[in-house]
Amino acid sequence: MGLLLVYFYEPDQPANLYARYGVMGLRHRGPRVSYAVLRADELGHGGLNPWGNGWSLPEGSAVLAAVEPTGSLAVSRHAAVAVDGACSASEALKLVEAAKSPREAAETLASSTRFDGCTVAALTRDGGYVLYRGRSGVRPLSLGGYGFDAVYAATETAPITLMGGEPRRDLEPGEAVYGDRYTLDTYSAGGGRRATSLFEYIYLARPDSLVDGVNVYMFRREMGRRLARSHPVEVDVVVGVPETALPYALGYAEEKQAPLELALVSTIGRVRTAIVQASLEERLMMLSLKFNPVPGVFEGKRVAVVDDSVVTGLTLKTFIHRLWRTQAPREIHVAVSSPRIVATCPHSVQLLEPRSLIARQLSDEAIERVLDVDSLAWLPLGEAVSYLRSHGIDPCTACMLEEVRRK
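If you use full-length UniProt numbering, the sequence shown corresponds to residues 1 to 407, in order.
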């Protein structure tokens with residue numbers, strides 16, 4: 001679910017040492033990273049678990065990485081191509097190899113419609129690189145640098161700053177970039193629009209990132225305020241589900257004028273517990289590690305639990321059951337900081353089975369009974385859309401469109 005390019009102009013510079021931090025800045029997006037490394041005029045490649053211990057990247061002056069499951073990498077003797085989105089890395093590699101030069105490949109990408117829903121990054125054996133953002137604008141791509149020494153590109157800006165770099169700008173939809181040690185050229189056929197996936201702002205991006213110029217933290221805090229205004233309940237305490245829901249919970253608590261308590265302690269950080277863990281026993285253990293309640297905060301209180309999203313409901317149901325059983329709250333109100341997710345993503349931003357989506361299968365009243373909560377509120381889709389449109393983004397909401405049609 002993300003791309004990274006680290007390209008140093010001098011071939012003796014250790015891009016791999018910097019890229020390690022960039023990979024760490026993207027690892028929340030997926031469980032595995034595929035990479036290609038340019039050393040002299042040879043391309044090496046491999047894969048790694050970014051959550052493991054002691055991993056490193058091979059030495060080289062340029063590194064290209066793709067975060068699975070939606071990111072993919074294809075490598076030949078002459079080039080390596082990474083793709084993020086519902087496109088084929090192998091097909092993109094064929095395009096790059098069929099071109100007379102990487103520069104021509106950039107021109108072809110800019111004028112083609114074959115990769116409209118994706119971002120593409122390529123690294124060639126002769127030391128050139130190509131970047132492309134599909135004209136649909138659904139997948140973002142930021143361009144930055146490390147002084148005059150290196151070019152960085154990443155799906156969001158946090159990896160660029162973690163590598164000591166400075167984000168410069170976002171590629172426009174339909175724009176391609178070609179660069180090497182001596183030149184930097186851009187190409188665009190026009191016709192694109194900034195339709196960045198709403199899921200990027202709601203969940204995927206880090207809160208310390210900018211995505212298409214929008215401050216993710218400020219977006220989430222404001223959505224928390226708007227969610228609170230649409231949730232007519234009185235609460236004594238607000239808690240955010242670690243870690244991604246905390247900015248939402250802050251805004252929600254500010255609007256409700258209720259204290260925000262850091263009353264859920266995570267031992268494992270940001271891990272997709274409901275998806276990554278295969279067995280029920282593993283899932284329950286991981287939930288205990290991720291959501292350990294602080295004693296005494298909930299007892300006898302009307303509690304608002306703010307979560308960033310609800311997909312299947314399994315994680316939240318397990319956690320709510322534990323709160324009732326061990327903490328004795330007076331009431332539990334759930335505030336979900338995303339609109340209802342009711343369809344799978346046609347652009348592969350998220351890979352979910354429609355039959356597993358609780359908001360698609362059940363009414364809000366039924367979900368309240370399943371979760372065993374006193375009330376349930378979702379962020380109104382129009383609030384998120386209006387905020388982003390005021391910042392020049394017309395976000396993709398394809399996974400939420402059925403909600404619009406039901407109204």
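Note that CB positions come from ideal geometry on N, CA and C, so glycine has one too.
Looking at the DSSP output, P167 shares a beta bridge with G144. Inter-segment contact for the segment 338 to 347 and the segment 368 to 376 is absent: fewer than three beta-carbon pairs are separated by less than 8 Å. Taking all protein chains shown into account, W378 has 16 or more neighbouring C-beta atoms within 10 Å of its C-beta and is therefore buried. The bridge partners DSSP lists for I332 are V303.
If you draw a straight line from the Cα of P140 to the Cα of R133, it is about 7 Å long. Within the DSSP bridge table, the entry for T119 names D84, R133 as partners. Here E10 is exposed, its C-beta having fewer than 16 other C-beta atoms within 10 Å.
Distances from the alpha-carbon of R77 to those of S88, A122, A66, A86 put A122 closest. The three-state secondary structure of G213, taken from DSSP, is coil. Counting C-beta atoms within 10 angstroms of its own C-beta, H391 has fewer than 16 neighbours from the protein chains shown and is therefore classed as exposed.
Judged by beta-carbon spacing, Y152 lies beyond the 9 Å limit of G137, meaning their Cβ atoms are not closer than that value. With contacts defined by Cβ atoms closer than 9 Å, C118 and G85 form a contacting pair. Going by DSSP, Y187 is part of the beta strand (DSSP E) stretching over 184 to 188. Taking a 10 Å sphere around the C-beta of P395, we find 16 or more other C-beta atoms and assign the residue as buried. Taking C-beta atoms as the reference points, G71 and L171 fail to come closer than 9 Å.
For Y18, the CB contacts under 6 Å within the same chain, skipping 5 residues up- and downstream, are V6, M163 in chain order. For L64, the uninterrupted beta strand (DSSP E) run begins and ends at 62 to 68, by DSSP. In the DSSP secondary-structure assignment, E200 is not bridged to any residue. Scanning its chain for C-beta atoms nearer than 8 Å, with the 5 sequence neighbours on each side dropped, one finds around D41 the residues R125, D126, G127, in chain order. With fewer than 16 neighbouring CB atoms inside 10 Å of its own CB, Y182 falls in the exposed class. Spanning the alpha carbons of P247 and R221 requires a straight line of approximately 5 Å. The criterion of a C-beta distance shorter than 9 Å is not satisfied by R27 and G47. In this structure, the alpha-carbon of V303 lies about 55 Å from that of D185.
In the DSSP assignment, V233 falls outside any beta strand (DSSP E), carrying neither H nor E.
For F8, there is no enclosing alpha helix (DSSP H); the residue is part of the beta strand (DSSP E) that begins and ends at 2 to 8. In this structure, the beta-carbon distance from L143 to V177 falls below 9 Å. Shown here, E42 sits in a strand according to DSSP, grouped into three states. For G296, the three-state secondary structure derived from DSSP is coil.
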